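Notes follow once the structure below has been shown.
Numbering (the working numbering), first residue to last: 49 to 444.
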């Protein structure tokens, strides 16, 4: 592959404190060299080495590609009417997922694949160069299997979320459904997934049921993550910590013991403010988590029911406005935090040796992601060192 130099960068966020100012490792009037899909050099623009190709970024900001560690992209249909009802005052309950289960089961593989790829392209235009993808809208062995197979054709970060809610045919028999997930679904689907997830929440699965699903997944080589503490204070956070989960996601209703457990663990708290925005749920207390030393990630939680967005810039703006994170903290959570939630050490930073997943903004600083909410600031995206988005267009 030819080498590429990005020069005349206004503000470069490296996420490597050894390379620049503060925790984000910020450099000004900087340059970055890409070689064979990796970051090869970072320094002052005036000292940039020669390369085969070059881009003068004319003072634009450059950041690591966003790492979206929580997305539900294999589905059919939408739930716009449900959203409208919530905005009119109807409370969110976990059972709305069943509407999407029905539509997903009725869709063809081609329809599901096309929709997932459409959303991934949308994510890429918004700067997300790595996106995790969950199953969870099939909930039969055959439908969960095809969901993880479709996801695996789209991303390396595939999560089996068979235990999303109890499907209609198992109404009142959640234990029977959990048994089927553990004995039939997980063995069939595990070869196509990296992660096992469960919705541990009132209206979904209790602690014992969630524990059974996660330990069955672990026995088949999957790494646990948990949907926890979204609607009620409950056992999700501490179950995640107990089992060494990579992340516990939502974390909107926690107490001091939950925060202390997270702070003493390697489990990342993934905050999903898009879901709280779309459900009128209370936002997480990000300040309490960060001040306690918890590693925090931001995810878009793209799904048709409770967060139909692929935009991490939107979530960054929400995190700054509603979660009271600083712009630096929010950008870190959407990049390095997402990488930590996926236990990846090759993405989320622009330090020599890291994968060259790079975004350039039509703005001089990363601060504009929160300062100019709703404005499409992502002008160029490189993934694995290849320019894949130019002027917000993904080539077909």
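By construction, the Cβ of each residue, glycine as well, lies at the ideal position given by its N, Cα and C atoms. A quick note: this is a predicted structure, and the numbers were derived from the prediction, not measured.
- Query: In chain order, which continuous runs of the alpha helix (DSSP H) of length 4 or greater are located wholly inside the region 111 to 138?
  - Reply: Fully contained in the region 111 to 138 are the following alpha helix (DSSP H) runs of length 4 or more, in chain order: 128 to 135.
- Report the option in 265, 213, 221 whose CA atom is closest to the CA atom of residue 248. As a working note, residue 248 is residue 200 in the chain shown. Comparing alpha-carbon positions, the option among 265, 213, 221 lying closest to residue 248 turns out to be 213.
- Can the beta-carbon of residue 80 be found closer than 8 Å to that of residue 57? Indexing the chain shown from 1 puts residue 80 at position 32. Indexing the chain shown from 1 puts residue 57 at position 9. In contact: residue 80 and residue 57 (Cβ atoms closer than 8 Å).
- In terms of alpha-carbon separation, which member of 314, 357, 432, 417 lies closest to residue 292? The residue given as residue 292 occupies position 244 in the chain shown. Measuring from the Cα of residue 292, the nearest candidate turns out to be 314.
- Measuring CA to CA, which of 120, 153, 96 is closest to residue 171? Stepping through the chain shown from its first residue, residue 171 is reached at position 123. Distance check between residue 171 and each of 120, 153, 96 places 120 closest, using alpha-carbon atoms only.
- Query: Where does the unbroken alpha helix (DSSP H) through residue 211 begin, and where does it stop?
  - Reply: As a working mapping, residue 211 is identified with position 163 in the chain shown. Premise fails: residue 211 lies in the beta strand (DSSP E), 206 to 211, not in any alpha helix (DSSP H).
- Query: Are there 16 or more other CB atoms within 10 angstroms of the CB of residue 332, so buried, or fewer, so exposed?
  - Reply: What you label residue 332 is simply residue 284 of the chain shown in a count that begins at 1. Classification of residue 332: buried, given that the 10 Å Cβ count is 16 or more.
- Query: Relative to the C-alpha of residue 459, which residue among 275, 103, 188, 412 is closest?
  - Reply: A question about residue 459 goes unanswered here, because the residues of the chain that appear run from 49 up to 444.
- Task: Have a look at residue 242 and residue 180 and give me their C-alpha separation to the nearest angstrom.
- Result: Indexing the chain shown from 1 puts residue 242 at position 194. Indexing the chain shown from 1 puts residue 180 at position 132. The straight-line gap from Cα to Cα measures roughly 10 Å.
- Message: Which of the three DSSP states is assigned to residue 152 in this structure?
- Response: The residue labelled residue 152 in the question sits at position 104 within the chain shown. In the structure shown, the three-state DSSP call for residue 152 is helix.
- Considering only residues of the same chain and omitting the five flanking positions on each side of residue 432, which have a CB-CB separation below 8 Å? Residue mapping note: residue 432 aligns to position 384 of the chain shown, counting from 1. Within its own chain, the residues whose Cβ lies closer than 8 Å to the Cβ of residue 432, once the five positions on either side in sequence are excluded, are 85, 403, 404, 405, listed in chain order.
- For the region 159 to 177 against the region 128 to 148, are there 3 or more C-beta pairs whose distance is under 8 Å? As far as the Cβ criterion goes, the region 159 to 177 does not touch the region 128 to 148, which means the pair count is below three.
- Task: Could you pull the start and end residues of the beta strand (DSSP E) that residue 58 belongs to?
- Result: Residue 58 sits at position 10 when you count from the first residue of the chain shown. Membership of residue 58 in the beta strand (DSSP E) is indicated by the continuous run 52 to 60.
- Query: Taking the alpha helix (DSSP H) that residue 266 falls in, what are its first and last residues?
  - Reply: Position 218 of the chain shown, counted from the first residue, corresponds to residue 266. Start and end: 255 to 267.
- Message: Can you look up residue 399 in the DSSP assignment and give me helix, strand or coil?
- Response: On the chain shown, residue 399 is found 351 positions in, with the first residue counted as 1. DSSP places residue 399 in coil when its eight states are reduced to three.
- Residues of its chain near residue 75, where Cβ-Cβ distance is below 6 Å and the 5 sequence neighbours each way are ignored: Along the chain shown, read from residue 1 onward, the residue named residue 75 stands at position 27. Result list for residue 75: 60, 68, in chain order.
- Query: What alpha helix (DSSP H) runs, 4 residues minimum, are completely inside the region 260 to 337?
  - Reply: Annotation: the region 260 to 337 contains the following complete segments of the alpha helix (DSSP H) (minimum length 4 residues), in chain order: 284 to 290, 304 to 311, 321 to 327.
- Query: Considering residue 428, what are the terminal residues of the beta strand (DSSP E) in which it resides?
  - Reply: If you number the chain shown from 1, residue 428 lands on position 380. Bounds of the beta strand (DSSP E) holding residue 428 are 426 to 431.
- Count the other CB atoms within 10 Å of the CB of residue 341; is the residue buried (16 or more) or exposed (fewer)? Along the chain shown, read from residue 1 onward, the residue named residue 341 stands at position 293. Exposed.
- Go to residue 236, then tell me how far its beta strand (DSSP E) extends in each direction, as first and last residue. As a position in the chain shown, residue 236 is number 188, starting the count at 1. Where residue 236 is concerned, there is no enclosing beta strand (DSSP E), although the alpha helix (DSSP H) it sits in stretches over 234 to 237.
- Message: If you follow the alpha helix (DSSP H) that residue 161 is in, where does it begin and where does it stop?
- Response: As a position in the chain shown, residue 161 is number 113, starting the count at 1. The continuous alpha helix (DSSP H) containing residue 161 extends over residues 157 to 173.
- Buried versus exposed call for residue 288 [16 or more other C-beta atoms within 10 Å across all chains shown]: Position 240 of the chain shown, counted from the start, is the residue given in the question as residue 288. Buried: at least 16 other Cβ atoms inside 10 Å.
- Query: Are residue 381 and residue 344 closer than 8 Å when you measure CB to CB?
  - Reply: In the chain shown, the residue the question calls residue 381 occupies position 333. In the chain shown, the residue the question calls residue 344 occupies position 296. Yes. Within cutoff.
- Item | Whether residue 354 touches residue 140 by CB criterion (8 Å) | Taking the chain shown and counting its residues from 1, the one referred to as residue 354 is at position 306. Taking the chain shown and counting its residues from 1, the one referred to as residue 140 is at position 92. Closer than 8 Å, so yes.
- For the beta strand (DSSP E) that contains residue 105, what are its first and last residues? Here residue 105 refers to the residue found at position 57 of the chain shown. No beta strand (DSSP E) holds residue 105; DSSP gives it neither H nor E.
- Message: Looking at the strands, I want to know which residues DSSP matches up with residue 176.
- Response: Indexing the chain shown from 1 puts residue 176 at position 128. Looking at the DSSP assignment, residue 176 forms a beta bridge with 114.
- Any alpha helix (DSSP H) of 4 or more consecutive residues that is wholly inside the region 362 to 401: You should have 375 to 380, 386 to 389.
- Query: Does DSSP put residue 86 in a helix, in a strand, or in coil?
  - Reply: As a first step, residue 86 must be located in the chain shown, where it is residue number 38. Three-state DSSP puts residue 86 in a strand.
- Task: Assuming residue 260 contacts residue 299 (C-beta within less than 8 Å), just tell me the rounded distance between them.
- Result: In the chain shown, the residue the question calls residue 260 occupies position 212. In the chain shown, the residue the question calls residue 299 occupies position 251. Their Cβ separation, rounded to whole angstroms, is 22 Å, which puts residue 260 and residue 299 out of contact at 8 Å.
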